[in-house]
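Going by our numbering, the final residue of the sequence shown carries number 834, and the count climbs one at a time with no gaps.
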Amino acid sequence: MTMDPGLQAFAVESRELLEEMEDLLLQLEDQPEDADIINELFRAVHTIKCASGMFGFDAVVEFTHLGESVMGRLRDSEIKATDELLTLLLASKDHIALLVDVALDGDGNLSEESIASGKSLSAQLELYLHDTLDGSADALGKTPEVMAETDNPDGPKVENAYWHISLRFGNDVLRNGMDPSSFIRYLETIGDIVSLVLVDDNMPAPNDMDAESCYLGFEIDLNSEANKEDIEAVFEFVQDDCVIHILPPPHSYVARYVELIEGLPEQNYQIGEMLVRSRALTERELAEILKEQKQQQVEAEQQGEEHPQPFGELAVKQGVVEKPVVEAALDKQKTIKKHQSEENQIVRVNADNLEELINLVGELVISGANTHLLARQSGDSRLTDATENMSVLVEEIRDTTLGLRMVQIGQTFNRFRRVVREVSREMGKEIELIIGGGDTELDKTVVDKMADPLMHLVRNAIDHGIEAPQSRTESGKPSVGTVSLKAYHDSGSIVIEISDDGHGLSKDRIFAKAVEKGLINASTSLSDQEIYRLIFEPGFSTVEQVTNLSGRGVGMDVVRRNIEALRGQVEVESTLGKGSKFTIRLPLTLAIIDGFLVQVGKSSYVIPLDMVDECVEFNEAANETYENSHHINLRGKVLPYVRLAELFNVPRTASKGGKKRENIVVTRFAGQKAGLVVDDLLGEYQTVIKPLGKVFENLKGLSGATILGSGEVAMIVDVPALVSTVSSHNTQRLESNLNGGGKPH
């Protein structure tokens with residue numbers, strides 16, 4: 090079922106705000122006095138509450154308000170950001186997320202467990218409010234005059250000791266059947282009149298008086314708990330015939346009006362609307378000021394002036410609102426415009442539409458290559474030049490389109506702050522998470538699919554890697570352990586490193602457990618890397634005791650499968666007693682790459698261009714080689730190689746003279762080099778990656794396929810897998826040959 094666009098926007102915004110809320114709470118743990126973080130936290134929660142109210146999600150509003158009220162006290166420095174409070178707010182954030190999901194579901198209902206959890210959280214939140222606020226009240230709904238008696242006693246006061254009403258009756262009040270004294274009597278029903286001064290400045294000389302006209306005015310001090318609207322309502326029937334100014338209430342603090350203005354939702358409010366919503370101004374006062382401003386504008390135009398007096402200045406001039414309150418409204422308006430300007434630079438695009446666009450661009454790349462091929466075959470130089478220009482534009486479109494799906498990995502990394510915080514406390518360990526390279530960008534599809542593997546590795550680092558504080562201290566380490574997440578680009582790939590300074594991996598225990606499970610023979614000779622790779626075998630675990638986090642042998646094999654499904658690799662380094670490091674290498678994108686096209690026999694292959702170091706003629710480079718070693722001496726360095734024709738069983742075509750000219754493409758991955766021997770070098774080629782079908786998905790050495798401009802299918806070489814295999818296998822063969830007396834020839 091398609092979700093209403095408004096609800097869809099709410100869903101996206103609320104989830105982003107909840108993620109922001111969690112990140113801010115974790116930042117606040119390290120910087121508990123940072124006012125900017127606290128203000129941003131309050132704004133995020135308040136926005137969720139207001140947006141939920143617009144859609145009638147009462148359960149979200151009710152619970153979120155409790156959190157907002159607590160954060161309001163935190164912002165006013167009435168309570169401290171203790172560890173217990175932050176833990177409670179993090180749990181409250183989770184409950185808000187649950188309430189939002191249930192509200193969006195429409196027919197969804199909370200489980201009994203979730204209801205009980207919500208009640209428990211509400212009770213805990215109210216403990217932080219019971220001494221000043223009623224937890225069921227709405228902070229924005231409470232008027233400044235009610236809240237001010239307990240809030241911010243050191244804030245700037247409005248000078249009046251009571252409500253002050255300045256009242257001037259119009260001349261026609263008596264003619265319209267209204268009795269001024271009746272309004273005074275009615276005023277006494279909502280408060281106590283402390284002072285009443287009759288104003289008769291407008292009283293004419295006795296001979297000029299009109300018995301049906303009213304010339305009276307009053308200055309009244311009123312002691313009342315009523316709000317401004319209630320007092321103004323007393324004079325509702327004579328508002329058109331009177332001039333009424335109601336000055337701020339008793340013990341009202343400018344800071345409270347300012348707080349209410351700052352808490353307004355970020356909408357396109359005019360200054361007057363903000364003052365009315367914060368109850369610093371009534372609707373009638375707003376209308377009067379706007380009327381005067383319009384009159385000034387007419388007069389200014391007549392006198393050739395450009396602008397009338399600003400609304401805020403008029404409000405202050407008339408004495409209906411304090412200058413600091415107007416300044417707060419102006420600041421709020423500037424902030425809203427700034428945020429909206431930033432948001433206007435971002436357009437939300439449906440992920441399916443973006444995926445379709447990328448597929449279409451891929452087809453455009455293939456079509457462009459076909460057009461360019463036909464142009465070259467035609468021999469028309471002008472047509473060839475035109476298609477080359479088109480190819481440049483297509484490449485720019487390709488890069489721009491792929492850039493739309495590139496996101497920073499830092500957002501994924503930040504999710505683990507809370508994981509480390511809560512899991513380490515559950516296990517009684519002290520662990521610090523260090524994040525680096527959060528601004529590194531890669532394909533969003535890759536980021537989404539890496540979330541679970543990274544979670545497994547981080548949890549394993551906490552559970553298996555980092556020791557208990559006492560054990561660390563006894564071994565001479567700091568009591569606080571370190572887990573590090575780092576990302577960076579390298580040779581056209583993205584590298585993600587997960588490391589810890591724990592006790593490391595024991596090669597002997599891994600080897601013994603592998604023998605016990607029948608994965609290897611006791612006489613098998615394995616390198617360090619090959620031993621470490623055993624931990625990725627299904628069901629493999631060296632843990633003696635199962636915990637809630639790990640030890641069941643489930644997870645690491647899933648990590649490897651997920652990474653390999655993304656055409657990536659994972660490597661392990663470890664030093665016993667010092668720690669471990671897992672290095673994951675992934676392609677930047679899964680859709681389109683720059684490739685280097687080669688030919689073997691009658692078949693074409695594509696090698697990712699960013700992994701190509703150089704190309705040399707194989708016959709010349711092989712002058713010095715080792716018998717049956719599949720190594721050549723390349724400028725004084727030993728380079729292992731593999732013939733793609735032998736690897737993929739490609740029939741060789743006969744050549745004139747009986748000797749086929751060959752080339753070797755030198756590839757590099759993860760600091761290792763390997764040569765791929767091919768027949769012909771066909772040059773660079775924009776490659777649209779097509780996934781292999783289930784029949785071919787387990788083929789070694791191939792990572793995908795592409796369609797050439799001629800319509801021919803070319804296979805994409807899996808360079809990471811070949812480099813790793815060729816380097817380790819052929820090095821062992823070389824050492825064996827050398828030890829056995831093999832000679833260079």
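Note that beta-carbon positions come from the ideal geometry of N, C-alpha and C, so glycine has one too.
Checklist line | Inside the region 514-549 only - beta strand (DSSP E) runs reaching at least 3 residues | finding: Correct list: 520-525 and 530-532.
Margin query: Using a Cβ distance threshold of 8 Å, determine whether the region 289-299 contacts the region 325-337, with at least three qualifying pairs required.
Written below: With the cut-off at 8 Å, the region 289-299 and the region 325-337 do not touch.
Next item on the list: Check whether the Cβ atoms of Lys169 and Met110 sit closer than 8 Å, and answer yes or no.
Entry: No. Outside cutoff.
Margin query: For Ile126, which residues in the same chain have their Cβ closer than 7 Å to its Cβ, ignoring the five residues on either side in sequence?
Written below: Closer than 7 Å at Cβ, skipping near neighbours: Leu113, Gln116, Leu117 and Gln120.
Next item on the list: Determine the contact status of Ile524 and Leu574, defining contact as a CB-CB distance below 8 Å.
Entry: Contact check for Ile524 against Leu574 passes: the beta carbons are separated by less than 8 Å.
Check: From which residue to which residue does the beta strand (DSSP E) around Asn312 run?
Finding: Segment Gly306 to Asn312, the beta strand (DSSP E) holding Asn312.
Item checked: Endpoints, the alpha helix (DSSP H) within which Ala440 is located -> Element bounds for Ala440: Ala440 to Ser467.
Note to self: Looking at Met544: is its Cβ nearer than 8 Å to the Cβ of Tyr694?
What the structure shows: Against a cut-off of 8 Å, the Cβ pair of Tyr694 and Met544 comes out as no contact.
Next item on the list: Look up Lys231 in the DSSP assignment and say whether it is helix, strand or coil.
Entry: Annotation note: pLDDT 41 at Lys231 (below 50); position unreliable, no value reported.
Next item on the list: Grab me the residues of Met495's own chain with a C-beta within less than 6 Å of its C-beta, minus the 5 sequence neighbours each way, in chain order.
Entry: Take Met495, set aside five residues on each side of it, and the residues of its chain with a beta-carbon closer than 6 Å to its own are Glu530, in chain order.
Next item on the list: Note down the Cα distance separating Leu199 from Leu188, rounded to an integer number of angstroms.
Entry: For Leu199 and Leu188, the gap between their C-alpha atoms comes out near 8 Å.
Checklist line | Neighbour-count burial assignment, Thr371, 16 or more Cβ in a 10 Å radius | finding: Thr371 counts as buried, since no fewer than 16 other beta carbons sit within 10 angstroms of its beta carbon.
Note to self: Let's see if you can read the secondary structure: which residues bound the alpha helix (DSSP H) around Glu215?
What the structure shows: It spans Glu201 to Leu216 - the alpha helix (DSSP H) in which Glu215 sits, taken as one unbroken run.
Item checked: Segment contact flag, the region 614-628 with the region 576-589, C-beta cutoff 8 Å, min 3 pairs -> Cβ pair count under 8 Å is below three, so no.
Item checked: Burial state of Leu287 (16 or more Cβ within 10 Å) -> By the beta-carbon neighbour count (other beta carbons within 10 angstroms, threshold 16), Leu287 is exposed.
Item checked: Contact under 8 Å by Cβ, Val755 with Val767 -> The answer is no: Cβ separation not under 8 Å.
Check: For Met645, does the three-state DSSP call read helix, strand or coil?
Finding: Residue state, collapsed to three classes: helix.
Item checked: First through last residue of the alpha helix (DSSP H) which encompasses Ile658 -> According to the sequence provided, residue 658 is Gln. The question's Ile does not apply to it. Note, Gln658: premise wrong, no alpha helix (DSSP H); beta strand (DSSP E) at Gln658 to Thr664.
Check: Is Gln658 closer than 8 Å to Leu771 when the C-beta atoms are compared?
Finding: Not closer than 8 Å, so no.
Next item on the list: Would you tell me roughly how many angstroms separate the C-alpha atoms of Asp299 and Lys380, rounded to the nearest one?
Entry: Cα to Cα, the separation comes out at about 29 Å.
Notebook entry, point to check: Looking only at C-alpha atoms, which of Ile254, Ser284, Gly306 and Val283 sits nearest to Pro269?
Noted result: Nearest of Ile254, Ser284, Gly306 and Val283 to Pro269, Cα basis: Gly306.
Checklist line | Bridge partner(s) assigned by DSSP for Gln773 | finding: For clarity, residue 773 is Glu in the given sequence; the question names Gln instead. Glu773 is bridged by DSSP to Phe685.
Check: So what does DSSP say about Val405, is it helix, strand or coil?
Finding: Reduced to three states, the DSSP call for Val405 is helix.
Next item on the list: Report, in whole angstroms, the separation of the C-beta atoms of Gly798 and Asn478, which I expect to be a contact under 8 Å.
Entry: About 16 Å separates the two Cβ atoms, so there is no contact after all.
Checklist line | Among Val808, Lys779, Phe707 and Thr776, nearest to Lys789 - alpha-carbon criterion | finding: Residue Val808 is the option with its Cα nearest to Lys789.
Check: Taking buried to mean at least 16 other C-beta atoms within 10 Å of its own C-beta, is Asn503 buried or exposed?
Finding: With at least 16 other beta carbons inside 10 angstroms of its own, Asn503 counts as buried.
Item checked: Between the CA atoms of Lys208 and Tyr275 - distance to the nearest angstrom -> Roughly 44 Å between the two C-alpha positions.
Checklist line | Beta bridge counterpart(s) of Arg732 as assigned by DSSP | finding: Paired residues: Val766.
Item checked: Tyr251, buried or exposed, once every other Cβ within 10 Å from all chains shown has been counted against 16 -> Classification for Tyr251: buried.
Margin query: Please report the distance separating the alpha-carbon of Asn265 from that of Arg373.
Written below: Asn265 and Arg373: Cα-Cα distance of roughly 20 Å.
Margin query: Excluding the 5 residues flanking Val134 on each side, which residues of the same chain have their C-beta closer than 7 Å to its C-beta?
Written below: Contacts found: Met110, Thr153, Gly156, Glu157 and Met160.
Check: With DSSP run on the structure shown, which of helix, strand or coil describes His553?
Finding: In the structure shown, His553 sits in a helix (DSSP, three-state: H, G or I).
Notebook entry, point to check: Per DSSP, Met804 is paired with what?
Noted result: Answer is Tyr694 and Ala794.
Note to self: Restricting to Cα atoms, I'd like to know which of Leu263, Ile320, Lys518 and Leu336 is closest to Glu301.
What the structure shows: Its Cα nearest to that of Glu301, the residue Leu263 stands out among Leu263, Ile320, Lys518 and Leu336.
Check: Is there contact here, the region 553-568 with the region 532-539, by at least three beta-carbon pairs under 8 Å?
Finding: No, the region 553-568 is not in contact with the region 532-539.
Notebook entry, point to check: Using the rule of at least 16 other Cβ atoms within 10 Å of the residue's Cβ for burial, across every protein chain shown, is Asn549 buried or exposed?
Noted result: Answer is buried; the Cβ neighbour count reaches 16.
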